[in-house]
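Q:
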Amino acid sequence: MVSKKFITSLATSAALASVGFATVGQVVPQLGSQVQTTQAATSAINDYINNNNIKPVSIQYRAGTFNRWFGYENGVGKPEGVVIHETATPGASAENEVTFFNRSWETTQTYVHAFVDDKEILNIHSADYGVWGAGQTANNKYIQVELCRVSTTDQFARSVANQAYYTAFRLVQYGLPFTPGKTVLSHNDVSRIYKETNHTDPVGYFAQWGYSMDQFYDLVGKYYNQLKNNSTNNGGNANTNNGNQASNIGVIRVKDGSNEYISLYSLNNDTMSRITNRALGTGTDWQMDQTKVVNGTKYYRVATNEWVPESSVGQIIKPLA
């Protein structure tokens, strides 16, 4: 659970408008590779995941409202690991939590990068920048992800698989080693190490399901190794799921001096068609994961099949590699 009592970072970057995060499909690995932990922990939950061939879902990147853009203590795009939280709110889905935090963070003074349940992984703030979830020191060091409380064994297994995958994905994305207790920590670990919060999650919630951080580390290790293997097989690009997928995420600012909204387009059979029921606000910032030239016009992809023409891009905040 994110801390409701902490001092926010004094190191803030220049404020962006509000970066939106589009749905981008990610590689979903299979279980079964070598576990990269110091000691394997027997787990009925992990066995259930293996035996039922449960696969993590894709990471979805959503527009968040948190507008405090500050880099980590080592710089923008340089986190040191991932902090594992749980929401302590029985029955609230990832969608529910995203809605609440986007509406209430200025009052609660809390925000995290992502929420995970048994069906979705919703990322709502760029992992290149810090958030307010675990005290000043941890906020300036770590990516933070919240696990939603569920009610059945199957839901719990799927939710921790999703959280472990998100954790492993971020480690690989930022070139971090998988070191339990150092690059992957519980909020309980953060409270013990930095003594700026008194939260102990997700230890108590895990225990309700006969689960532990050691068992969670085993699951992270499996996905981490799978993603590392995939990265090697794809020339070092852990984000690739096809030959056209970009190796990282860029940010563009859409702008039109005469219109309040920016038109979106969908790609079908090498033809771009205007989307009539969705648009982007002019002057807003959006993540994009690839570009494509259609009939001589360059487009930037900001969602699964939603594209913005180059003529509507006022500024490239962060280019693709």
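In full-length UniProt numbering, the protein residues as written are 1 to 321.
Glycine included, each C-beta is placed from N, C-alpha and C at the ideal position.
Runs of 4 residues minimum, wholly inside the segment 167-241: which ones carry the alpha helix (DSSP H) assignment?
A: The qualifying runs are 187-194, 203-208, 213-233.
Q: Using DSSP with H/G/I as helix, E/B as strand and the rest coil, what is Ile124?
A: Residue state, collapsed to three classes: coil.
Q: Measure the C-alpha to C-alpha separation of Phe70 and Val98 and round it to an integer number of angstroms.
A: The straight-line gap from Cα to Cα measures roughly 20 angstroms.
Q: What three-state label does DSSP hand Asn154 in the structure shown?
A: Asn is not the amino acid found at residue 154; the sequence shown has Asp there. Helix, per DSSP.
Q: Helix, strand or coil for Gly32? Go by DSSP, reduced to three states.
A: With a pLDDT of 29 at Gly32, under the threshold of 50, the modelled position of this residue cannot be trusted; read the value that follows with caution. Here Gly32 sits in coil by DSSP.
Q: Out of curiosity, what's the CA-to-CA distance linking Arg62 and Ser126?
A: Straight-line Cα distance between these residues: approximately 10 angstroms.
Q: Put Glu97 into one of helix, strand or coil per three-state DSSP.
A: Glu97 falls in the helix class under three-state DSSP.
Q: Pull up the distance between the alpha-carbon of Trp286 and that of Gln155, whole angstroms please.
A: Cα to Cα, Trp286 sits roughly 32 angstroms from Gln155.
Q: Can you tell me whether DSSP reads Glu73 as helix, strand or coil?
A: Three-state DSSP puts Glu73 in coil, outside helix and strand.
Q: Compute the distance between the beta-carbons of Ser104 and Cys148, then report whether it is under 9 angstroms.
A: No.
Q: Do Phe115 and Glu80 have their C-beta atoms closer together than 9 angstroms?
A: Going by C-beta atoms, Phe115 is not nearer than 9 angstroms to Glu80.
Q: Could you give the distance in angstroms between the alpha-carbon of Gly243 and the alpha-carbon of Met288?
A: Reliability fails at Gly243, whose pLDDT of 30 lies under 50, so the model's placement of it is uncertain and the value that follows must be treated cautiously. Rounded to whole angstroms, Gly243 to Met288 spans 16 angstroms at the Cα level.
Q: Which ranges would you report for the beta strand (DSSP E) in the segment 272-303 if only whole runs of at least 3 residues count?
A: As far as the segment 272-303 is concerned, its whole beta strand (DSSP E) runs of at least 3 residues are 285-288, 290-294, 297-303.
Q: State the Cα-Cα distance for the pair Leu264 and Pro202, rounded to the nearest angstrom.
A: Leu264 and Pro202: Cα-Cα distance of roughly 40 angstroms.
Q: Among Gln315, Ile249, Ile316, Val308, which residue has its Cα nearest to the Cα of Gln60?
A: The candidate whose alpha carbon is nearest that of Gln60 is Ile249.
Q: If we count the other Cβ atoms within 10 Å of its Cβ and call it buried at 16 or more, is Asn123 buried or exposed?
A: Answer is buried; the Cβ neighbour count reaches 16.
Q: From Gly175 to Tyr142, what distance separates their C-alpha atoms?
A: Answer to the nearest angstrom: the Cα atoms are 14 angstroms apart.
Q: Cβ of Val294 within 9 angstroms of Cβ of Ile252?
A: In this structure, Ile252 does not lie closer than 9 angstroms to Val294 by Cβ.
Q: Assuming Ala114 is part of the beta strand (DSSP E), what are its boundary residues?
A: Start and end: 114-116.
Q: Leaving out the 5 sequence neighbours to the left and right, which residues in its chain are closer than 8 angstroms to Val28 when beta-carbon positions are compared?
A: In this prediction, Val28 scores a pLDDT of 29, lower than 50, which makes its location untrustworthy; no coordinate-derived value is stated.
Q: To the nearest angstrom, report how far apart His113 and Phe216 are at their CA atoms.
A: Cα to Cα, His113 sits roughly 19 angstroms from Phe216.
Q: Can you tell me whether Pro319 is buried or exposed? The criterion is at least 16 other CB atoms within 10 Å of its CB, across all chains shown.
A: So Pro319 counts as exposed.
Q: What residues in its chain sit with their C-beta under 7 angstroms from that of Pro90, if we drop five residues either side in the sequence?
A: Hits under 7 angstroms: Arg149.
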